[in-house]
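In the UniProt record's numbering, the protein residues as written are 1 to 133.
Quick notes on the structure that follows.
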């Protein structure tokens, strides 16, 4: 396996703190999920990463099949409390492929889910649903 890229983020204060890139290119306030939060939270950051990565995989598959579409992916990340008091996340990936027939779009989305590094990392660890919208 050949490493293509590595990045890092540094957190201070957990869910009540901040996160920043070591080079200072990005810094965000982190707060627990709430409708009144001024900052972001880990679930939003995960959703942003997964939506971006998955849409990259969708575009890769579109190119492989010589299909053009302005694909859009919404990653809905939920935080669940388990019976034992712990927590787990779940994801629904809503993918829109305008101009692509439903059957072909479904094939693209399924192939993207097999190809996407985030999907590979979460497979068997959390519930991930892929929906064509």
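Glycine included, each C-beta is placed from N, C-alpha and C at the ideal position.
Buried or exposed by the 16-neighbour rule on C-beta atoms within 10 Å, applied to residue i
i, result
"residue 121", "exposed"
"residue 7", "exposed"
"residue 48", "exposed"
"residue 113", "buried"
"residue 133", "exposed"
"residue 5", "exposed"
"residue 21", "exposed"
"residue 30", "buried"
Inter-residue spacing [alpha-carbon to alpha-carbon] between residue i and residue j
i, j, result
"residue 100", "residue 118", "24 Å"
"residue 107", "residue 54", "14 Å"
"residue 12", "residue 44", "17 Å"
"residue 26", "residue 126", "28 Å"
"residue 96", "residue 46", "20 Å"
"residue 74", "residue 109", "13 Å"
"residue 63", "residue 56", "11 Å"
"residue 52", "residue 9", "18 Å"
"residue 23", "residue 2", "24 Å"
Candidates the options, of which the one nearest residue i by Cα
i, options, result
"residue 90", "25, 42, 11, 10", "42"
"residue 61", "3, 116, 26", "116"
"residue 123", "74, 50, 103, 95", "50"
"residue 104", "9, 28, 57, 65", "65"
"residue 130", "94, 59, 102", "94"
Cut-off 7 Å between Cβ atoms - residues of its own chain near residue i, not counting five sequence neighbours on either side
i, result
"residue 87", "79, 80, 81"
Residues near residue i by beta carbon distance below 6 Å, same chain, minus five either side
i, result
"residue 76", "92"
"residue 40", "28"
Close beta carbons around residue i, own chain, < 8 Å, minus the five adjacent residues each side
i, result
"residue 58", "71, 73, 95, 97, 108, 109, 112"
"residue 102", "132"
Contact between the stretch 66-85 and the stretch 16-29 is defined here as three or more beta-carbon pairs at a separation below 8 Å; is this criterion met?
No, the stretch 66-85 does not touch the stretch 16-29.
Between the stretch 63-73 and the stretch 34-49, do three or more beta carbon pairs fall short of 8 Å?
no
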